[in-house]
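Notes follow the structure.
Rendered as C-alpha cells:
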C-alpha cells in the first residue's frame, strides 16, 4: 500500500513539474477585458469606447407611416400618379423605416472633436404605371424587377439613405448636415408633412464647409459653402430644346433643364440669436446658375452664368401664455433665381405641379392645373431670365397635457416670371401661340390667359399622443390649393403612364388633401 501511495505522489509531482515547465513557455496572460464606462461629459446616453478617451452614443427611431390618398410619403400629391386623381392614385402608401445615428465626441486641447452619422433603412410601397396597352408595371422604390417587368413576381425592395455624415471641430462643420440657411425646425414648424413651401429645407442634409463663431449670450454667425447640385437646383429651362410633356410633372412642360457641370457652391450666411424667450434668425444665400449649351454641342453657344440669391427671416416664440411648452414658429423668404430656398427639395419637382380634377366646361374631358418653378429660363441666343418667388410658413403648437399636443400650421408661396420670360413661354400678347406652351394647345384650343405665375397654399393640423416616453402616435391632415394663372382650355395630348387620354381639358385651380397616420418609437 505504501508502495502504491509513493508511486501516485511521485507521478503527481512529475506532472506538476512538467506542467510548470510548459507554463513557463506560454505567452503572458492577457489583461482583463475593460468594462464599458459611462461618459457624463456630453449628457445622458454616452459611453467610453473601451480603451479610448472617445465617447459614443447610439440613437435612432423606428417609424411606421400609412398615408391616405397619395403616392408618396407625406410630400403631397400634386404631380404624377398622385395628381392624376384616378385609378392610378394610391388609396394608401405604406412605409416602415429604421433610423440609426452614431454620435462620437473626444475632448482635445483644441476643443471637442465630434463626428455624427445618421442613416435610414426604409421599405416603401410605390406606384403602378400604365404601359399604354392595357397593362401596368409596378415601380417600387429600390426595385428588383421580375423578368420583362411582369407584374406577377415583381419584388419591391428597400432603400438605404445617408442623412448626415459630418465632423465638427473648433467651430467648423465639414460634411453632410442640414443647411445653415434653414431654420432650426427645417421643414417642420409644427407638422410632420414634408412638403411645406415657404422656406429652406435639406432635412436630409447637404454637403457643406461651415464656420460658426459664437459671440456669447446666444448670438452666433455661420458662414458656409454648400453643394448646390443635390438639393438646390430647381432647373434652368432651355426653352429652345424640344418640349416633352410626359409624365405629368416632369421637366419639359415648357422646356428642358440644361445644367452644366458644377462650378461654384452656394454661399450662405446665417445670424442667430437664441434666448430663453425663443429664437431669431436671418439667413442669406447666393446661388450660381451655370448652364450648358443652347444645343447639343459647343458650337451652339451658351448663356452667361446668372447669380441668384435668397433671404429669409425666422422667429420662434416659446412659453406663450396659452400653456407651458406652447410655441409659435414663423418664417418668411424671398428668392430671385434661387427657387429651392422657398420651394424646398421635398415640396415638389422643379418641373412642377400637374394636378387633374373635374370640369363644368361643355366638351372638356377634365380640368388640369399647372405650376412650375425653375431658377431661370432662356431661349437660344438669349440670356437667363431669373424666376422670383416669395413665401412664408408657420405653426402654433399647443400642449393639452404632457401626453397630448395639437398644432395648426400653414404655408403660402408665390412664383413670378418676368415679362421677358412670359413672352418666351406664352408668345406675343400672352396667347400661347408662338411660345413654348404652344405644343399643349394642339392648334384647336380656347386659351384665354397664358400666364405661368402661380401661388400655392397649404394648411393642416396634427395631433400627437405620447402614452409613454419615446413612443408617439400622430395623425396629420394637410390640404393644398394650387392657384394657377392659366385660363381657358387646351388640347392636352394625354399621358399613358397615368391613364389620361388626349382631349380638351379646362385650365383650372386644383385642390388636394392627404392624411398621415404615424407610429414612432425613439431610442
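Residue numbers (the working numbering): 1 to 523.
For glycine and all other residues, C-beta sits at the position ideal for the given N, C-alpha and C.
In the structure shown, what three-state DSSP assignment does residue 298 receive?
Note: residue 298 maps to helix in three-state DSSP.
Would you call the stretch 302-317 and the stretch 359-373 touching, i.e. three or more CB-CB distances under 8 Å?
Judged by Cβ distances under 8 Å, the stretch 302-317 makes no contact with the stretch 359-373, as fewer than three pairs qualify.
Run through DSSP, which three-state label would residue 440 get?
In the structure shown, residue 440 sits in a helix (DSSP, three-state: H, G or I).
Among the candidates 259, 83, 286 and 221, whose CA atom is the shortest distance from the CA of residue 265?
Comparing Cα positions, the closest option is 286.
Identify, in the order they occur along the chain, each residue of the same chain with its Cβ nearer than 6 Å to the Cβ of residue 45, setting aside the five sequence neighbours on each side.
57, listed in sequence order.
Please report how far the alpha carbon of residue 216 lies from the alpha carbon of residue 223, in whole angstroms.
Those two C-alpha atoms are separated by around 17 Å.
Can we say the stretch 103-113 touches the stretch 155-175, given the rule of at least three CB pairs closer than 8 Å?
At 8 Å Cβ cutoff, the stretches touch.
Just to confirm the assignment, what range does the alpha helix (DSSP H) spanning residue 318 have?
Element bounds for residue 318: not the alpha helix (DSSP H) but the beta strand (DSSP E), 306-318.
Cβ of residue 331 within 8 Å of Cβ of residue 394?
Result yes, Cβ atoms of residue 331 and residue 394 sit closer than 8 Å.
Over the uninterrupted alpha helix (DSSP H) stretch that includes residue 106, give me the two end residues.
That residue, residue 106, is in no alpha helix (DSSP H); its beta strand (DSSP E) goes 92-108.
Skipping 5 residues on each side, what residues in its chain have a beta carbon closer than 6 Å to that of residue 272?
220 and 281.
Buried or exposed: where does residue 263 fall if 16 or more other Cβ atoms within 10 Å of its Cβ makes it buried?
Residue 263 comes out exposed.
Compute the Euclidean distance between the alpha carbons of residue 148 and residue 138, then round it to the nearest angstrom.
At residue 148 the pLDDT is 39, less than 50, meaning the model places this residue with poor confidence; the figure from the coordinates comes in the next sentence. Between residue 148 and residue 138, the C-alpha separation is close to 12 Å.
With a floor of 4 residues, list each alpha helix (DSSP H) that falls wholly inside the stretch 362-449, ordered by position along the chain.
With a minimum length of 4 residues, the continuous alpha helix (DSSP H) runs that stay inside the stretch 362-449 are 419-426.
Would you list the residues sitting across from residue 120 in a DSSP beta bridge?
DSSP output for residue 120 lists 99 and 161 as bridge partner(s).
What does DSSP give as the partner residues of residue 481 in its beta bridges?
Residue 481 pairs with 457 and 511.
What did DSSP end up calling residue 68 once you bin it into helix, strand or coil?
Note: residue 68 maps to strand in three-state DSSP.
Throw me the rounded Cβ distance for the residue 476 and residue 516 pair, which I believe falls under 8 Å.
Their Cβ separation, rounded to whole angstroms, is 4 Å, which keeps residue 476 and residue 516 in contact under 8 Å.
Kindly indicate if chain C contains any beta-carbon less than 8 Å away from that of residue 283.
Absent from the structure is chain C; it holds one protein chain and no more.
Since residue 547 is in the alpha helix (DSSP H), which residue starts that stretch and which ends it?
Within the shown structure, residues of the chain are numbered from 1 to 523, placing residue 547 beyond reach of any answer.
Using the three-state DSSP reduction, which class does residue 130 fall into: helix, strand or coil?
DSSP places residue 130 in strand when its eight states are reduced to three.
For residue 322, does the three-state DSSP call read helix, strand or coil?
Residue state, collapsed to three classes: coil.
Evaluate residue 363 with the Cβ neighbour count: other Cβ atoms within 10 Å of its Cβ, from every protein chain shown; 16 or more gives buried, anything less gives exposed.
It is exposed - the Cβ of residue 363 has fewer than 16 other Cβ atoms within 10 Å.
Name the residue from 399, 236 and 134 whose alpha carbon lies nearest to the alpha carbon of residue 318.
It is 399.
The beta strand (DSSP E) that contains residue 196, what's its start and end?
Neither: residue 196 is in no beta strand (DSSP E) and is coded neither H nor E.
What separation, rounded to the nearest whole angstrom, lies between the Cα atoms of residue 388 and residue 49?
In a straight line, the C-alpha of residue 388 is about 51 Å away from that of residue 49.
Compute the Euclidean distance between the alpha carbons of residue 365 and residue 203, then round it to the nearest angstrom.
Approximately 40 Å between the Cα atoms of the pair.
Just checking my contact of residue 190 with residue 329 at CB under 8 Å: how many whole Å lie between their CB atoms?
Indeed they touch by this definition, with Cβ atoms about 6 Å apart.
Out of 522, 353, 496 and 377, point me to the one whose CA is closest to residue 484's CA.
Among 522, 353, 496 and 377, the Cα nearest to that of residue 484 belongs to 353.
Where does residue 48 fall in DSSP's three states?
Strand.
Quick one, which of 68, 96 and 103 has its alpha-carbon nearest residue 89's?
Minimum Cα distance to residue 89 is reached at 68.
When you compare the CB positions of residue 474 and residue 464, do they come within less than 8 Å of one another, or not?
Cβ distance < 8 Å, so residue 474 and residue 464 count as in contact.
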